[in-house]
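A quick write-up on the structure given underneath.
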């Protein structure tokens, strides 16, 4: 049975409705897209998420409790528990057991930028791109721990070619060939409210990325999991491409993960205000999970402890440490556990029966996506540790305002000013120009203090400051 007959036999005959009028190239494209679709999986999603009511089911908010987390001490350097964790994390890094993993499938559209988001310039003085910032931090870690630290980058169909070309044009930012691995995110077809696959043109299915939770399936499909196993990689340090302040590998975080025997660990920030758009780390009937900000009832968002702090204050910032074997178990054929899909109702341009493209004014279709934090309920002893915004989180999501290039650059400058103060570098009163420190000089405050003590520089405060 060919693809056309198969889709017709499953009630999706509209996919090949215009087949006879397509060119050879259009036919090849349509067949290639059809080959991506698991019709058994799609039938199940239609039954549960389109015709059924199974999305976000079963959350009993009356039984929801805030998740516990490991609090930041006043002084990490003198806290025995944190120092023990750091030692364990450093040992894992030195042993070559850790890989960095960046989810980078997005475009810079919301920033008014035409290109992969990772190629967007973000630093305050040199305008280095997000990818270069991460590359320099990874190189700094490789030198410090004398380890290979491979870097896995998940792209998407819309930006894979441009992303790979960008790295080639920049000689991988000094990273060894073969130590940076690119692979594509998976896609899912969009369907209408009857479960019929939507065509966006006569010869093209409306396909969309399967969500950041699809990263685990993509790692498996691409052979990356097997490559990790062959290379002795046991731990993935997961982060998203829009956040230049993230520590691609954090020995404290990795150490707490190992110390607790967790298979998936997460970083949290105390929410700045009730409706901040961060998911909530929660516990429901003894099971850890994340409840998205859009799903959380207002009264729980506003609930406070006797000391005035938000009760549900542990906000998810999409930074995780994941055991490779655990991640593989979630996507293994015949596994008893797997990540659930969620539905997203969208306005999706479509081709009508006459072949004309229609652009709907209201949501007419459903996209399917997975979230990586849905792994948490399946994990053994999932732990959450606290971090600070300046050390880990200032994303670039919006063209202006909150989480914009301007706010991110301001946060970077604030961080570097803190490093200067810790090193005893006096910044003239009223100095308002940009400051930037390359991760190749120092990627943390401790590294900066060591580097400055060893190799201080003459600084000209009549202009912007760059230390590299």
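Residue numbers (our numbering): 220 to 687.
All C-beta atoms in this analysis are idealised placements derived from N, C-alpha and C, irrespective of residue type, glycine included.
The beta strand (DSSP E) that contains residue i, what's its start and end?
i: residue 564; result: 561 to 565
i: residue 508; result: 506 to 510
i: residue 428; result: 426 to 428
i: residue 386; result: Run containing residue 386: none in the beta strand (DSSP E); it sits in the alpha helix (DSSP H), 379 to 388.
i: residue 486; result: 483 to 489
i: residue 503; result: 498 to 503
i: residue 284; result: 283 to 285
i: residue 655; result: 654 to 656
i: residue 280; result: From DSSP, residue 280 is part of no beta strand (DSSP E); its letter is neither H nor E.
i: residue 587; result: 584 to 588
i: residue 675; result: No beta strand (DSSP E) holds residue 675; DSSP gives it neither H nor E.
i: residue 614; result: Counting along the chain, residue 614 falls outside any beta strand (DSSP E), and DSSP gives it neither H nor E.
i: residue 552; result: Neither: residue 552 is in no beta strand (DSSP E) and is coded neither H nor E.
Drop a sphere of 10 angstroms on the beta-carbon of residue i, count the other beta-carbons inside from all chains shown, and report buried for 16 or more, exposed for fewer.
i: residue 339; result: buried
i: residue 404; result: buried
i: residue 628; result: buried
i: residue 408; result: buried
i: residue 641; result: exposed
i: residue 412; result: exposed
i: residue 384; result: exposed
i: residue 612; result: buried
i: residue 364; result: buried
i: residue 390; result: exposed
i: residue 528; result: exposed
Taking the continuous alpha helix (DSSP H) assigned at residue i, which residues delimit it?
i: residue 450; result: 443 to 450
i: residue 253; result: 243 to 255
i: residue 638; result: 624 to 641
i: residue 520; result: 517 to 521
i: residue 308; result: 299 to 313
i: residue 329; result: Looking at the DSSP string, residue 329 is not in any alpha helix (DSSP H), and its letter there is neither H nor E.
i: residue 400; result: Segment 399 to 403 is the beta strand (DSSP E) holding residue 400; no alpha helix (DSSP H) there.
i: residue 223; result: 222 to 228
i: residue 572; result: Neither: residue 572 is in no alpha helix (DSSP H) and is coded neither H nor E.
i: residue 394; result: Here residue 394 belongs to no alpha helix (DSSP H), and DSSP marks it neither H nor E.
Looking only at C-alpha atoms, which of the options sits nearest to residue i?
i: residue 479; options: 248, 566 and 301; result: 301
i: residue 643; options: 668, 658 and 656; result: 668
i: residue 283; options: 342, 502 and 364; result: 502
i: residue 543; options: 434, 603, 629 and 590; result: 434
i: residue 520; options: 491, 504 and 536; result: 491
i: residue 351; options: 406, 250, 462 and 362; result: 462
i: residue 474; options: 550, 534, 306 and 602; result: 306
i: residue 422; options: 244, 288 and 227; result: 244
i: residue 583; options: 619, 567, 448 and 375; result: 567
i: residue 247; options: 233, 223, 262 and 230; result: 223
i: residue 242; options: 443, 420 and 635; result: 420
i: residue 296; options: 676, 634 and 665; result: 665
i: residue 359; options: 673, 662 and 674; result: 662
i: residue 591; options: 585, 607 and 550; result: 550
i: residue 441; options: 430, 400, 427 and 428; result: 400
Does chain C have any CB closer than 9 Å to the CB of residue i?
i: residue 306; result: In the displayed structure, chain C is absent; only one protein chain is listed.
CB-CB under 7 Å to residue i, same chain, minus the five flanking residues each way: which ones, in chain order?
i: residue 647; result: 680
i: residue 685; result: 344, 345 and 655
i: residue 226; result: 232, 234, 235 and 253
In this structure, does DSSP put residue i in helix, strand or coil?
i: residue 470; result: helix
i: residue 527; result: coil
i: residue 708; result: Beyond the ends of the chain as shown, which are 220 and 687, falls residue 708; an answer cannot be given.
i: residue 357; result: helix
i: residue 532; result: coil
i: residue 457; result: strand
i: residue 607; result: coil
i: residue 240; result: helix
i: residue 685; result: strand
i: residue 663; result: coil
i: residue 420; result: strand
i: residue 322; result: strand
i: residue 374; result: strand
i: residue 537; result: strand
i: residue 577; result: strand
i: residue 465; result: coil
i: residue 348; result: strand
i: residue 411; result: strand
i: residue 341; result: coil
Near residue i, what residues of its chain come up, given a Cβ to Cβ distance below 8 Å and the 5 sequence neighbours on each side ignored?
i: residue 238; result: 223, 246 and 249
i: residue 495; result: 512 and 534
i: residue 601; result: 481, 482, 483, 484, 485, 507 and 595
i: residue 633; result: 609
i: residue 580; result: 566
Should residue i be listed as close to the ligand HEM, given that the test is whether its C-beta is under 8 Å from any heavy atom?
i: residue 330; result: In terms of ligand content, the structure shown is empty, and the ligand HEM therefore cannot be addressed.
Residues in the same chain with beta-carbon distance under 6 Å from residue i, minus the five sequence neighbours each way, listed in chain order, please.
i: residue 499; result: 510, 515 and 531
i: residue 485; result: 539 and 603
i: residue 291; result: 605
i: residue 577; result: 569 and 571
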